[in-house]
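Residue numbers (our numbering): 510 to 738.
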């Protein structure tokens with residue numbers, strides 16, 4: 510995401526609690542709670558495995574650890590949802606994900622309303638809102654209509670497009686890595702090493718979770734692999 514042109518998938522789940530990333534000083538002009546992202550050019554997101562989900566095939570709320578490139582924990586992510594929604598709406602369920610720093614302070618929230626992801630209903634495609642702890646929007650991730658390719662647009666708080674995200678036909682990528690390209694707005698250039706605004710980094714992190722539940726949440730009996738940034 511921040512440090513390369515592709516997202517790859519990782520099924521590795523850390524066997525023990527990672528070392529916490531030290532809290533950095535907040536640079537001048539950086540929004541509160543986002544100072545961690547100013548020190549990072551790559552993030553790896555790992556989903557925690559829940560035995561009830563794996564053994565009993567019973568859908569539970571998702572929990573994640575976000576780590577930097579040297580294995581230090583940056584954020585903890587916890588889903589807020591109810592049992593009925595989890596069992597009957599997955600993977601199309603609405604959700605709220607709370608992202609907290611290592612001190613337990615909320616950094617941002619990811620809000621996904623109930624939407625349709627069918628190519629037959631382009632008027633009600635997926636969307637993710639990324640507000641700060643005060644409720645003010647940081648940005649949005651919206652699904653672009655396409656008959657078979659995963660395509661998303663990253664927007665700022667004014668809903669102005671910033672970047673495009675495009676994946677391969679996921680159903681044809683069984684037993685192999687699935688990459689998502691970060692592209693320019695005209696989709697002609699694959700973005701490589703870039704220095705993103707910290708708010709765009711936050712929205713790109715949110716896009717990672719939306720992609721996970723949209724395209725990799727079909728089987729609740731298997732541990733999920735996420736795109737990492």
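We put the CB at the ideal spot given by N, CA and C, even for glycine.
9 Å Cβ cutoff met for residue 719 and residue 616:
Within the chain shown, numbered from 1, the residue matching residue 719 stands at position 210. Within the chain shown, numbered from 1, the residue matching residue 616 stands at position 107. Contact: no.
Taking 7 Å as the limit between beta carbons, can you name the residues of its chain near residue 715, skipping five residues before and five after?
As a first step, residue 715 must be located in the chain shown, where it is residue number 206. These residues qualify, in order along the chain: 619, 637, 639, 650.
Tell me the rounded alpha-carbon separation between residue 572 and residue 537.
Mapped onto the chain shown, residue 572 falls at position 63. Mapped onto the chain shown, residue 537 falls at position 28. Computed Cα separation, rounded: 32 Å.
Euclidean distance between Cα positions of residue 725 and residue 530:
The residue given as residue 725 occupies position 216 in the chain shown. The residue given as residue 530 occupies position 21 in the chain shown. Going by the C-alpha atoms only, they are around 28 Å apart.
For residue 552, count neighbouring Cβ atoms within 10 angstroms of its own Cβ and tell me buried if that reaches 16, exposed if not.
Your numbering for residue 552 matches position 43 in the chain shown. With 16 or more Cβ atoms within 10 Å of its Cβ, residue 552 is classed as buried.
Quick one: Cα of residue 557 to Cα of residue 671, how far?
The sequence position of residue 557 within the chain shown is 48, counting from 1. The sequence position of residue 671 within the chain shown is 162, counting from 1. Whole-angstrom Cα-Cα distance: 31 Å.
So if DSSP puts residue 554 in a beta bridge, which residue, or which two residues, is it bridged to?
Numbered from 1 along the chain shown, position 45 holds the residue referred to as residue 554. Paired residue(s): 575.
What residues in its chain sit with their C-beta under 6 Å from that of residue 602, if we drop five residues either side in the sequence?
As a working note, residue 602 is residue 93 in the chain shown. Correct list, in chain order: 594.
Where residue 582 sits in the DSSP three-state scheme
In the chain shown, residue 582 corresponds to position 73, counting from 1. Strand at residue 582.
Rounding to the nearest angstrom, what Cα-Cα distance links residue 687 and residue 644 in this structure?
The count along the chain shown starts at 1 and reaches residue 687 at position 178. The count along the chain shown starts at 1 and reaches residue 644 at position 135. Their backbone Cα atoms lie some 33 Å apart in a straight line.
Once the 5 residues before and after residue 808 are set aside, which same chain residues still bring their CB inside 8 Å of it?
The question about residue 808 has no answer here: the residues shown for the chain are numbered 510 through 738.
Which first and last residues belong to the beta strand (DSSP E) in which residue 528 is found?
Counting from 1 along the chain shown, the entry for residue 528 is found at position 19. Careful: residue 528 lies outside any beta strand (DSSP E) and carries neither H nor E.
Quick check: residue 555 and residue 587, are their CB atoms within less than 9 Å of each other?
Walking along the chain shown from the start, residue 555 turns up at place 46. Walking along the chain shown from the start, residue 587 turns up at place 78. Result no, Cβ atoms of residue 555 and residue 587 do not sit closer than 9 Å.
Less than 9 Å between the C-beta atoms of residue 656 and residue 674, yes or no?
Looking up residue 656 in the chain shown gives position 147. Looking up residue 674 in the chain shown gives position 165. It is not a contact, given that the beta carbons lie outside the stated cut-off.
Check whether the Cβ atoms of residue 700 and residue 547 sit closer than 9 Å, and answer yes or no.
As a working mapping, residue 700 is identified with position 191 in the chain shown. As a working mapping, residue 547 is identified with position 38 in the chain shown. No. Outside cutoff.
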